[in-house]
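Peer 1: Per numbering that gives the first Met the number 0, the very first residue in the sequence shown carries number 0; after that it's consecutive. All C-beta atoms, glycine included, are put in the ideal place defined by N, C-alpha and C.
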Amino acid sequence: MSSVTPDRSKVQPAPPGIMVIFGAGGDLARRKLFPALYHLMTDGLLAENFRIIVVDRRDRDAKDYRAYIDENARPHVSKAMNDDLWQELLQRIHYLNGDFQQANTYTRMSTLIDEIDRDYHTGGNCLYYLATPPDFFGDIATQLHAAGLSAESAGQWRHLVVEKPFGRDLESARALNRTLQAAFNEDQIYRIDHYLGKETVQNILMYRFANSTVEPIWNHRYIDHMQITVAESIGVETRGGYYDTAGALRDMVPNHLLALLSTVTMEPANSLDGNAVRDEQAKILRAIQPILPEQVLTDVVRGQYAEGVSSKGEPVPGYRSEAHVAGDSATETFVAMKVLIDSWRWAGVPFYLRTGKRLPGRYTEIVVQFKEAPNMMFRDSLVRREQVPPNTLVLRIQPNEGIGLSFNAKVPSTVPQLSPVEMDFSYKDYFGDGPTTGYETLLYECMNSDPTLFKRADVIETGWELVEPILDVWHALPPRDFPNYAAGSWGPDEAAALMSRDGRAWRPCKACSVD
Ligand SMILES: NC(=O)c1ccc[n+]([C@@H]2O[C@H](COP(=O)([O-])OP(=O)(O)OC[C@H]3O[C@@H](n4cnc5c(N)ncnc54)[C@H](OP(=O)(O)O)[C@@H]3O)[C@@H](O)[C@H]2O)c1
Numbered sequence: 000m001s002s003v004t005p006d007r008s009k010v011q012p013a014p015p016g017i018m019v020i021f022g023a024g025g026d027l028a029r030r031k032l033f034p035a036l037y038h039l040m041t042d043g044l045l046a047e048n049f050r051i052i053v054v055d056r057r058d059r060d061a062k063d064y065r066a067y068i069d070e071n072a073r074p075h076v077s078k079a080m081n082d083d084l085w086q087e088l089l090q091r092i093h094y095l096n097g098d099f100q101q102a103n104t105y106t107r108m109s110t111l112i113d114e115i116d117r118d119y120h121t122g123g124n125c126l127y128y129l130a131t132p133p134d135f136f137g138d139i140a141t142q143l144h145a146a147g148l149s150a151e152s153a154g155q156w157r158h159l160v161v162e163k164p165f166g167r168d169l170e171s172a173r174a175l176n177r178t179l180q181a182a183f184n185e186d187q188i189y190r191i192d193h194y195l196g197k198e199t200v201q202n203i204l205m206y207r208f209a210n211s212t213v214e215p216i217w218n219h220r221y222i223d224h225m226q227i228t229v230a231e232s233i234g235v236e237t238r239g240g241y242y243d244t245a246g247a248l249r250d251m252v253p254n255h256l257l258a259l260l261s262t263v264t265m266e267p268a269n270s271l272d273g274n275a276v277r278d279e280q281a282k283i284l285r286a287i288q289p290i291l292p293e294q295v296l297t298d299v300v301r302g303q304y305a306e307g308v309s310s311k312g313e314p315v316p317g318y319r320s321e322a323h324v325a326g327d328s329a330t331e332t333f334v335a336m337k338v339l340i341d342s343w344r345w346a347g348v349p350f351y352l353r354t355g356k357r358l359p360g361r362y363t364e365i366v367v368q369f370k371e372a373p374n375m376m377f378r379d380s381l382v383r384r385e386q387v388p389p390n391t392l393v394l395r396i397q398p399n400e401g402i403g404l405s406f407n408a409k410v411p412s413t414v415p416q417l418s419p420v421e422m423d424f425s426y427k428d429y430f431g432d433g434p435t436t437g438y439e440t441l442l443y444e445c446m447n448s449d450p451t452l453f454k455r456a457d458v459i460e461t462g463w464e465l466v467e468p469i470l471d472v473w474h475a476l477p478p479r480d481f482p483n484y485a486a487g488s489w490g491p492d493e494a495a496a497l498m499s500r501d502g503r504a505w506r507p508c509k510a511c512s513v514d
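1. Which first and last residues belong to the beta strand (DSSP E) in which F430 is found?
2. State yes or no: is the C-beta of G196 nearer than 7 Å to some heavy atom of ligand 1?
3. Once DSSP output is grouped into helix, strand and coil, what is the label at S418?
4. If I measure Cβ to Cβ from I115 and keep anything under 8 Å in the same chain, skipping five residues before and after, which residues do I get?
5. So, for D69: in the same chain, excluding its five sequence neighbours on each side, which residues have a beta-carbon less than 7 Å away from its beta-carbon?
6. Can you pull every residue whose C-beta falls closer than 5 Å to some heavy atom of ligand 1, listed in chain order?
7. For Y221, name the three-state secondary structure that DSSP assigns.
8. Rank E266, D278 and P411 by C-alpha distance to the C-alpha of A456 and give the top, closest one.
9. Which two residues bound the contiguous beta strand (DSSP E) that contains E364?
10. Between the alpha carbons of G123 and W156, how many angstroms are there, rounded?
11. Taking the straight line between their C-alpha atoms, what separation do you get for G302 and S109?
12. Go to K62, then tell me how far its alpha helix (DSSP H) extends in each direction, as first and last residue.
13. Alpha carbons only, please: which of E151, P164, Q11 and R117 is nearest the one belonging to T131?
14. Quick check on DSSP: helix, strand or coil for M80?
15. Within its chain, find whatever has a CB closer than 8 Å to the CB of D449; leave out the 5 residues flanking it on each side and keep chain order.
16. Per DSSP, what kind of secondary structure is F33 in: helix, strand or coil?
17. In chain order, what residues of the same chain lie with their CB nearer than 6 Å to the CB of P388, ignoring the 5 residues before and after it?
18. So R57 packs on G24, CB below 8 Å; how close in whole Å?
19. Use the C-beta contact count for G234: other C-beta atoms within 10 angstroms, 16 or more gives buried, fewer gives exposed.
20. Among all the DSSP beta bridges, which residues are the ones paired with S261?
21. Are A286 and D341 close, meaning C-beta to C-beta below 8 Å?
22. Any heavy atom of ligand 3 closer than 7 Å to the Cβ of P450?
23. Which of the three DSSP states, helix, strand or coil, is assigned to A408?
24. I'd like the ranges of any alpha helix (DSSP H) spanning at least 4 consecutive residues and lying wholly in the region 438 to 466.
25. Measuring CB to CB, does L284 end up less than 8 Å from T141?
26. Does the Cβ of W343 have 16 or more other Cβ atoms within 10 Å, making it buried, or fewer, making it exposed?
27. Let me check one thing: in DSSP terms, what residues is R157 bridge-paired to?
28. So which of W489, F136 and M40 has the shortest CA-CA distance to Q100?
29. Assuming A335 is part of the beta strand (DSSP E), what are its boundary residues?
30. Which stretch, first to last residue, makes up the beta strand (DSSP E) that contains V295?
31. Buried or exposed for K509, going by 16 or more other Cβ atoms inside 10 Å?
32. At what residue ranges does the region 464 to 511 contain a whole run of the beta strand (DSSP E), taking only runs of 3 or more?
33. If V367 sits next to I222, beta carbons under 8 Å apart, how far is it from one beta carbon to the other, in whole angstroms?
34. Tell me the residue span of the alpha helix (DSSP H) that contains M18.
Structure follows, in structure tokens:
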């Protein structure tokens, strides 16, 4: 297999600046942010005068915090560890002890930013990263504004990075957007969906629009349907408290699943400019047919796992027995749905989406199933119809990122026989290991003021508009059959029925214990 080394000669380090991490003692900071910063540093993509302020309310100082990150973030670094570089990253940390609900934290922050700017020439640039519980997003933005920390002087930037979830329904998403936009301009707000930081998701656009063989067949004339699966094999682990108030629909659909759907269905943008791409994504999301209340009963399936056997073969408890989950919880841990897009390109093509916890495998993929070939040539031959399945293209987002195409080939023999065969492109084989957490690209793009991979307010709200009728119907009609699938299975029977009644089936998982 040939391998290609990316040409880094044109890639410059990001501009200087200060990254302020709110919630620096949390899970995201240690598992993702510091490993991602280290990976950027090893690739020479962090400016020499890039500094980090951590906002933390524990009883510790800079030395203790560095020791904490050394111990807790180091195991999540996946590139080769260069101790000198790692220590250099730790030495760039400035510690700000304080509660981010208190105004004086921001006055002290302002003084610290000025000092660092003077000593390290950070250009007045600041990236405020809200690695905090979502209830604090609006308040922190407001306090930053009140302390004069959101204002940009000529030639400098001040960016606010917000993690998901962006609200819990349309009304709260709108309210959050209003609060954020009262404190920062929309072009200063970077809403992260880490799926968009994944190489393979970005590659979908490159694959579609940089290959002349792909676009001509990427429409209703050649494509029968698409399936998007985001499967998790784990349960809710330690996140029961949050998850029980959210559920699979809120947690995954308006953000990750719709991000994948829009990327795979949008029209070509006229440039890679942030707003050109996001305009097209917004347009395709607005073209999704609204789901009517009566359709929720037929085209959307919800499920909750009962006890069963994990993908590793171990007995596992049902959702209602997980920590911090109500014993009679009506929260769904699985959702499958069918959507249609009102556009010339996608007229009549169904898109089936599914996601859930405690499924037989952990993977994310998009399956593009093409229409059947007219098989009249084989009608009177020994080739049976089922030996000529339709072609499928599988875009693997994780793990084993790549693209696979299955097509039919003649089996060597004296009688005509056909068999599906596969052509496979694996990212790792060609390009080696790329950025690993997905956060490297997002942080780098944010420092470079490129919003392409971040969600705009209208895209977020369109996503919630789509799921709102489902939330309403589910709220009015609580589930009567929960739990309705065993841990380690592919969700409730209705999920298979959603496809089979259209004469289709979910693509079996080859790497899973159960198809
Ligand atoms: N973890 C992930 O992999 C992940 C992935 C995707 C998105 N997210 C999102 O990222 C955000 C952060 O997640 P997380 O898992 O890192 O949460 P977390 O582990 O609960 O961390 C939140 C941090 O905020 C701190 N905090 C809370 N209130 C504070 C206050 N008033 N003043 C100062 N600090 C305060 C907490 O401090 P204490 O430690 O002192 O309580 C904690 O360190 C969430 O919005 C989450 O949905 C996380």
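Peer 2: Once the coordinates are examined:
1. Position 431 of the sequence shown holds residue 430. F430 -> not in any beta strand (DSSP E); alpha helix (DSSP H) instead, spanning Y426 to F430.
2. Looking up residue 196 in the sequence shown gives position 197. No.
3. The residue labelled residue 418 in the question sits at position 419 within the sequence shown. Note: S418 maps to strand in three-state DSSP.
4. Within the sequence shown, numbered from 1, the residue matching residue 115 stands at position 116. Hits under 8 Å: I17, R50, I52, H93 and T121.
5. Position 70 of the sequence shown, counting from 1, holds the residue named residue 69. So the list reads L89, once near-sequence residues are dropped.
6. With the cut-off at 5 Å, the residues found are G22, G24, G25, D26, L27, R56, D98, F99, Q100, A130, T131, P133 and E162.
7. Working through the sequence shown from its first residue, we reach residue 221 at position 222. Coil at Y221, not helix or strand.
8. For the purposes of this step, residue 456 is taken as residue 457 along the sequence shown, with counting starting at 1. It is D278 whose Cα lies nearest to the Cα of A456.
9. Translated into positions along the sequence shown, residue 364 becomes position 365. First-last of the beta strand (DSSP E) with E364: Y362 to F369.
10. Taking the sequence shown and counting its residues from 1, one reaches residue 123 at position 124. Taking the sequence shown and counting its residues from 1, one reaches residue 156 at position 157. The straight-line gap from Cα to Cα measures roughly 7 Å.
11. To locate residue 302, count along the sequence shown from 1; it is residue 303. To locate residue 109, count along the sequence shown from 1; it is residue 110. Roughly 48 Å between the two C-alpha positions.
12. Against the sequence shown, residue 62 aligns to sequence position 63. Here the alpha helix (DSSP H) through K62 covers A61 to N71.
13. Working through the sequence shown from its first residue, we reach residue 131 at position 132. Looking at the Cα atoms, P164 is the closest of the given residues.
14. Position 81 of the sequence shown, counted from the first residue, corresponds to residue 80. Looking at M80 - three-state DSSP - the assignment turns out to be coil, as it is neither helix nor strand.
15. Counting from one through the sequence shown, the residue named residue 449 turns up at place 450. Within the same chain, and ignoring the five residues on either side of D449 in sequence, the residues whose Cβ sits closer than 8 Å to its Cβ are G273.
16. Sequence index remark: in the sequence shown, residue 33 carries index 34 (1-based). In this structure, F33 counts as helix in the three-state DSSP scheme.
17. Counting from one through the sequence shown, the residue named residue 388 turns up at place 389. Once the five neighbours on either side are set aside, the close Cβ partners of P388 are P419.
18. Within the sequence shown, numbered from 1, the residue matching residue 57 stands at position 58. Within the sequence shown, numbered from 1, the residue matching residue 24 stands at position 25. Yes, R57 and G24 are in contact; Cβ-Cβ is about 6 Å, under 8 Å.
19. Locating residue 234 in the sequence shown gives position 235, counting from the first residue. Here G234 is buried: its Cβ has 16 or more other Cβ atoms, across all protein chains shown, within 10 Å.
20. On the sequence shown, residue 261 is found 262 positions in, with the first residue counted as 1. According to DSSP, S261 bridges with nothing at all.
21. In the sequence shown, residue 286 corresponds to position 287, counting from 1. In the sequence shown, residue 341 corresponds to position 342, counting from 1. It is a contact, given that the beta carbons lie within the stated cut-off.
22. Ligand 3 is absent from the structure shown, which contains only ligand 1.
23. The residue you call residue 408 lines up with position 409 of the sequence shown. Strand, per DSSP.
24. For the region 438 to 466, whole alpha helix (DSSP H) runs of length 4 or above, ordered along the chain, are 438 to 446.
25. The residue you call residue 284 lines up with position 285 of the sequence shown. The residue you call residue 141 lines up with position 142 of the sequence shown. Contact flag unset, no.
26. The sequence position of residue 343 within the sequence shown is 344, counting from 1. Flag for W343 reads exposed.
27. Within the sequence shown, numbered from 1, the residue matching residue 157 stands at position 158. In the DSSP output, where bridge partners are listed per residue, R157 has C125.
28. On the sequence shown, residue 100 is found 101 positions in, with the first residue counted as 1. Checking every option, the nearest Cα to that of Q100 belongs to F136.
29. As a position in the sequence shown, residue 335 is number 336, starting the count at 1. Its beta strand (DSSP E) spans residues F333 to V338.
30. Position 296 of the sequence shown, counted from the start, is the residue given in the question as residue 295. Where V295 is concerned, there is no enclosing beta strand (DSSP E), although the alpha helix (DSSP H) around it starts and stops at P292 to D298.
31. One-based indexing of the sequence shown puts residue 509 at position 510. It is exposed - the Cβ of K509 has fewer than 16 other Cβ atoms within 10 Å.
32. Runs found: none.
33. Along the sequence shown, one-based indexing puts residue 367 at 368. Along the sequence shown, one-based indexing puts residue 222 at 223. The pair is a contact, with the Cβ atoms about 6 Å apart (cut-off 8 Å).
34. The sequence position of residue 18 within the sequence shown is 19, counting from 1. It is not in any alpha helix (DSSP H) - M18 instead sits in the beta strand (DSSP E) that spans G16 to F21.
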